[in-house]
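The opening position of the sequence shown corresponds to residue 0 in numbering that gives the first Met the number 0, with each subsequent residue numbered one higher.
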Amino acid sequence: MIPLMNVARQYHNLEEQLDNAALKVLHSGQYILGDEVKSFEQEFAEFCGVKYAVGVGNGTDALVISLLAAGIGAGDEVITCAMSFFATAEAIAVIGATPVFVDCTEDTYVIDADAIEEKITDKTKAIIPVHLYGQCADMDKINEIAKRHHLYVIEDCAQAAGAEYKGRRAGSMGDMGCVSFFPTKNLGCAGDGGVIVTDNEELYRMCQAYRVHGSGTNGLLAYGKRKGIKVDVDSLDFHGNLPKYYNFVIGHNSRLDAVQAALLRVKLPYLEGWNDTRRAFARVYHEKIKNPRIKKPLCEKDNLHIYYVYVLTVDDRDAFRLYMEENGIATGVYFPVPLHLQKVFEDLGYKRGDMPHAEYLAEHGVAIPMFAELTQDESEQVVRCVNEWIQ
Ligand SMILES: *Cc1c(COP(=O)(O)O)cnc(C)c1O
Numbered sequence: 000m001i002p003l004m005n006v007a008r009q010y011h012n013l014e015e016q017l018d019n020a021a022l023k024v025l026h027s028g029q030y031i032l033g034d035e036v037k038s039f040e041q042e043f044a045e046f047c048g049v050k051y052a053v054g055v056g057n058g059t060d061a062l063v064i065s066l067l068a069a070g071i072g073a074g075d076e077v078i079t080c081a082m083s084f085f086a087t088a089e090a091i092a093v094i095g096a097t098p099v100f101v102d103c104t105e106d107t108y109v110i111d112a113d114a115i116e117e118k119i120t121d122k123t124k125a126i127i128p129v130h131l132y133g134q135c136a137d138m139d140k141i142n143e144i145a146k147r148h149h150l151y152v153i154e155d156c157a158q159a160a161g162a163e164y165k166g167r168r169a170g171s172m173g174d175m176g177c178v179s180f181f182p183t184k185n186l187g188c189a190g191d192g193g194v195i196v197t198d199n200e201e202l203y204r205m206c207q208a209y210r211v212h213g214s215g216t217n218g219l220l221a222y223g224k225r226k227g228i229k230v231d232v233d234s235l236d237f238h239g240n241l242p243k244y245y246n247f248v249i250g251h252n253s254r255l256d257a258v259q260a261a262l263l264r265v266k267l268p269y270l271e272g273w274n275d276t277r278r279a280f281a282r283v284y285h286e287k288i289k290n291p292r293i294k295k296p297l298c299e300k301d302n303l304h305i306y307y308v309y310v311l312t313v314d315d316r317d318a319f320r321l322y323m324e325e326n327g328i329a330t331g332v333y334f335p336v337p338l339h340l341q342k343v344f345e346d347l348g349y350k351r352g353d354m355p356h357a358e359y360l361a362e363h364g365v366a367i368p369m370f371a372e373l374t375q376d377e378s379e380q381v382v383r384c385v386n387e388w389i390q
């Protein structure tokens with residue numbers, strides 16, 4: 000069976016380095032935050048071309064914490080794309096805000112920037128563009144709209160670590176960028192992990208506060224921001240006690256752990272190469288798949304796509320998937336239910352037909368094998384099989 004993704008092959012290629020990095024942390028006795036996390040944060044910020052990074056427990060928490068850092072909460076609205084992983088909308092809803100959905104485009108599958116402005120109300124506080132499948136949304140247009148309406152832009156880069164738009168890295172274009180290190184993502188750790196990147200020092204400090212129970216001097220800063228008052232952090236007296244036992248806002252316990260940071264530090268230098276390899280396989284697919292029943296994904300010319308997944312669309316998807324499976328090739332669906340039609344959001348009042356492109360993708364999109372350790376033979380077998388599909 001040719002798998003859709005395979006993290007074991009990557010581990011095997013870097014086995015010794017990864018084992019040593021993890022063991023070093025085990026021997027150090029420093030397991031939460033600490034030097035490994037600090038070093039990784041610096042290295043990842045540099046990779047994205049921003050000043051700051053805050054390592055957190057996972058990509059979902061990165062979104063939650065960045066929304067809190069932006070001061071968003073109950074009664075606010077946040078605009079995002081109807082086609083994404085559930086976490087994008089969940090992060091908005093869990094802090095008491097309302098997700099407002101916009102359709103994706105017909106061919107690039109990222110948020111339709113031209114459909115955003117009509118969804119803005121006086122309650123709108125932020126836009127979360129999702130760089131879906133590894134391709135950046137139209138950030139110039141989105142930033143221009145956000146600026147005009149005084150909205151935050153939080154990039155959901157969970158599927159886009161290393162992707163670029165007009166030469167700028169994903170995560171560096173909005174106010175904050177949220178990345179997931181879930182094992183199958185382009186940069187994955189051996190468990191859960193995530194990071195928020197930003198160029199804004201105040202947001203950086205807010206994120207640091209919200210990842211550790213709203214405590215310490217950063218917590219006091221977050222308190223001041225929430226209350227809209229000036230606070231003097233230097234006058235804060237902890238009476239010789241640990242600052243972490245003084246809490247100022249309700250936050251989370253969501254930190255990147257040292258083992259994950261150490262593993263990520265081993266992998267980060269390989270990320271660009273892995274993304275190049277994925278692009279090379281995408282080129283093979285793009286050039287060699289020639290089946291009139293199959294539509295291939297479009298990469299905008301301004302974008303450096305990193306192909307977290309390579310998604311085709313096909314009329315009779317179920318039959319196609321069965322055929323591929325019978326021929327020893329795994330496929331996947333990202334995602335079968337668009338966010339506006341998820342049962343949990345029924346009270347928001349959306350109905351089928353509201354987001355035709357997201358709905359089409361949910362019903363007809365199908366991912367074929369894509370990962371850096373795929374072999375030439377395997378990719379050619381996939382091409383052959385897709386081309387021989389008749390129905
Ligand atoms: C994976 C993913 C997330 C969530 O990341 P976790 O680390 O699994 O919490 C959020 N948004 C998108 C688009 C994702 O693909």
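Glycine residues also receive a C-beta, built at the ideal position from the N, C-alpha and C atoms.
| Item | Value |
| --- | --- |
| Using CA coordinates, which residue listed in Asp256, Cys47, Asp102, Asp275 is at the minimum distance from Arg351? | Asp102 |
| So Glu117 packs on Thr97, CB below 8 Å; how close in whole Å? | Going by Cβ atoms, the distance from Glu117 to Thr97 rounds to 16 Å, so no, they are not a contact pair. |
| Taking Gly74 as the reference, which of Phe280, Cys298, Ala125 has the closest Cα? | Ala125 |
| Asn185 and Trp273: beta carbons closer than 8 Å? | yes |
| Val283 and Val365 look like a contact to me (Cβ under 8 Å); what is the Cβ gap, rounded to whole Å? | Not quite, the Cβ-Cβ distance comes to about 17 Å (not below 8 Å), so this is no contact. |
| Kindly provide the ranges of any beta strand (DSSP E) runs that are 3 or more residues long and lie completely inside the segment 76-138, ordered along the chain. | 76-80, 97-101, 123-127 |
| Roughly how many angstroms lie between the CA atoms of Thr312 and Asp231, to the nearest whole one? | 56 Å |
| Quick check: Gly250 and Ala208, are their CB atoms within less than 8 Å of each other? | yes |
| Considering only C-alpha positions, which residue in the set Val308, Asn302, Leu262 is nearest to Phe280? | Val308 |
| Once DSSP output is grouped into helix, strand and coil, what is the label at Val381? | helix |
| Fully enclosed by the segment 291-379, which beta strand (DSSP E) runs are 3 residues long or longer? | 309-313, 364-367 |
| Which term fits Met0, buried or exposed, when burial requires 16 or more other beta carbons within 10 angstroms of its beta carbon? | exposed |
| Skipping 5 residues on each side, what residues in its chain have a beta carbon closer than 6 Å to that of Lys294? | Thr312 |
| Kindly indicate which residue of Ala145, Asp155, Tyr151 has the alpha-carbon position closest to the one of Cys135. | Asp155 |
| Does at least one heavy atom of ligand 1 sit under 7 Å from the Cβ of Gly193? | yes |
| Please report the distance separating the alpha-carbon of Ala81 from that of Glu387. | 33 Å |
| Any heavy atom of ligand 1 inside 7 Å of the beta-carbon of Val6? | no |
| Given His363, which residues of its chain have a CB within under 7 Å of its CB, disregarding the five upstream and five downstream residues? | Thr312, Val313, Asp314, Arg316 |
| Does ligand 1 have even one heavy atom less than 7 Å from the beta-carbon of Ser83? | yes |
| I'd like to know if the segment 226-241 and the segment 40-50 are in contact, where contact means that at least 3 CB-CB pairs between them fall below 8 Å. | no |
| Comparing the CB of Ala86 with every heavy atom of ligand 1, is any distance shorter than 7 Å? | yes |
| Are Asp60 and Ser253 touching if we call contact CB-CB under 8 Å? | yes |
| Met205 by DSSP, collapsed to three states: which one? | helix |
| Roughly how many whole angstroms lie between the Cα atoms of Met172 and Glu271? | 19 Å |
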